[in-house]
Amino acid sequence: MGVLETIIFIFHIHITRAMASITNPLLTPYKMGNFNLSHRVVLAPLTRNRSYGNVPQPHAILYYSQRATECGLLVTEATGVSDTAQGYVETPGIWTKEQVEAWKPIVNAVHEKGGIFFCQIWHVGRVSNTGFQPNGEAPISPTDKEITPGLAGGEWSRPRRLKTDEIPALINDFRLAARNAIEAGFDGVEIHGANGYIIDQFLKDQVNDRTDQYGGSLENRCRFALEIVEAVANEIGGDKVGIRLSTFADYMECGDSNPEALGLYMANALNKYNILYLHVIEPRMIQVWENSETPYSTLPMKKAFNGTFISAGGYKKDDGNKAIANGNADLVAFGRLFLANPDLPKRFELDAILNKYDRDTFYIQDPVVGYTDYPFLEV
Ligand SMILES: Cc1cc2nc3c(=O)[nH]c(=O)nc-3n(C[C@H](O)[C@H](O)[C@H](O)COP(=O)(O)O)c2cc1C
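Residues -14 to 364 (this note's numbering) are what the sequence shown spells out, left to right.
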């Protein structure tokens, strides 16, 4: 190629990129606190059940690095904060030294590709059974009400209601997990306050039936979540902390009678801790897998919150672009599409066809199938 052709070629690439970002707000840069993101397509947290014995495995190095891009944000699968945090097979943890060491090469691989990597820290609460608990004990929860047997195909044991004086230790588990995440090299943590797990169990009045300072009023039900945020932000710095909420959903029988008030209260209250981002699941995701019509909007939460607002749930490229363009979100997290398309941002840029996801392999334990074998675009 001659000099002129090279110049024209480079010019062409730049023009193509510029055109892509004009038509694709998802592909425009965004400054999230101290992180200069090159685009707004986030890998949503996705449980993959391939961390044998709760220890992240070497095959996760390939899985996450396949999805890493220069200055793109990835969130890990939900990662347990303690030995009582689990409710599903082969999910990772971050409470032991072994787990922290096992995360390190995974984080390094993402960083080598320039990615920004947050660890989602998690406790399932009552979404568990005695088989997952130390010494076969009952799972812990703000309540002793059990989930309807067989719901979502799981076996759920009747939980043990936490005593008020046990709650500080649980909050401390989140703090230590966040510290461990930083030790493992993560850029920050996302506190999992969504999808019917322990924080959501405290937040929502369908589950929380406590009579102490962690139950009853909206303020009291939000106390546990906010004390975790405070402890984690004090430990690692609010500029490295995000939280995920699913205010409008009722997964695992965890719904609220006034989700708008709950969402708005949380969005406002979080401002006190100067955290980096609020990640909210779209109200249309009332059903776990389907988009539905809903009168609700997350816009009031976005307006109330001072940091970055991430939206997730049922997005495709076009409505993701629209959400950014209309000011409904700063970033959009993609779950199933990113799971099946390791090069999702590139496919959006080129308007390429997408691989279809295979639901049957979402949660299997195979280290390759349905995990690292989704093909990249051939260009
Ligand atoms: C296989 C699978 C695993 C998931 N695991 C998690 C998880 O660990 N933590 C979480 O907050 N959400 C989890 N979710 C929810 C996703 O992050 C996301 O909110 C949901 O899939 C809707 O987004 P989508 O339509 O882009 O897939 C999971 C979803 C799927 C499909």
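Ideal Cβ positions, reconstructed from N, Cα and C, are used throughout, including at glycine.
| query | Relative to ligand 1, is the shortest distance from any of its heavy atoms to the C-beta of E238 smaller than 6 Å? | reply | no
| task | Using the DSSP secondary-structure output, state which residues sit across from W141 in a beta bridge. | result | Note: W141 sits in no beta bridge, so no partner.
| In this structure, does DSSP put Y281 in helix, strand or coil? | coil
| task | Let me know the beta strand (DSSP E) ranges lying completely inside the stretch 98 to 149, each 3 residues or longer, listed in chain order. | result | 101 to 107
| message | Can you tell me whether T115 sits near ligand 1, meaning its C-beta is under 6 Å from at least one heavy atom of the ligand? | response | no
| request: Note the first and the last residue of the continuous alpha helix (DSSP H) segment covering N259. | output: Looking at the DSSP string, N259 is not in any alpha helix (DSSP H), and its letter there is neither H nor E.
| message | Could you tell me the alpha carbon to alpha carbon distance between I338 and R332, rounded to whole angstroms? | response | 7 Å
| said: Give me the DSSP bridge partner(s) of T293. | reply: Y262
| Of the listed residues L203, K341, A310 and I309, nearest to G320 (C-alpha basis) | K341
| message | Quick check: the Cα distance between C56 and D303, rounded to an integer number of angstroms? | response | 22 Å
| Collapsed DSSP secondary structure at G178 in the structure displayed | strand
| task | Using three-state DSSP, classify M251 as helix, strand or coil. | result | helix
| If we count Cβ pairs, one from each stretch, closer than 8 Å, do we get three or more for the stretch 142 to 150 versus the stretch 114 to 125? | yes
| request: Count the CB pairs spanning the stretch 32 to 50 and the stretch 146 to 163 that are closer than 8 Å, and state whether there are at least three. | output: no
| Straight-line Cα distance separating S282 from I132 | 28 Å
| task | Starting from V60, follow its DSSP beta bridges and name the residues at the other end. | result | F103
| task | Keeping to the same chain, check which residues put their C-beta closer than 7 Å to that of E75; ignore five residues upstream and five downstream. | result | N34, R35, S36, Y37 and Q350
| query | What do you reckon, is the C-beta of F103 under 6 Å from a heavy atom of ligand 1? | reply | no
| query | With which residues is R229 paired in a DSSP beta bridge? | reply | H177 and H264
| Measuring CB to CB, does A318 end up less than 7 Å from A29? | yes
| Is the Cβ-Cβ distance between G72 and S23 less than 7 Å? | no
| message | With DSSP as the reference, identify every bridge partner of V27, one or two as the case may be. | response | A318
| Where does G78 sit, in a helix, a strand or coil, going by DSSP? | strand
| said: Is the beta carbon of L316 closer than 7 Å to that of V27? | reply: yes
| V40 versus P77 - alpha carbon distance | 5 Å
| When DSSP labels each residue in this structure, what does G65 get in the three-state scheme? | strand
| message | Across the stretch 41 to 49 and the stretch 152 to 159, are there enough close Cβ pairs to call them in contact, namely three or more that are closer than 8 Å? | response | no
| message | For G227, tell me which candidate among A179, E238, D241 and K82 has the shortest Cα-Cα distance. | response | A179
| request: Using 6 Å as the cut-off, classify the Cβ of L316 as near or not near the heavy atoms of ligand 1, replying yes or no. | output: no
| task | Taking only heavy atoms of ligand 1 into account, decide whether any of them is closer than 6 Å to the Cβ of F319. | result | yes
| query | Distance, Cα to Cα, T196 vs D190? | reply | 12 Å
| message | Distance check for F361 and D185, CA to CA, integer angstroms please. | response | 36 Å
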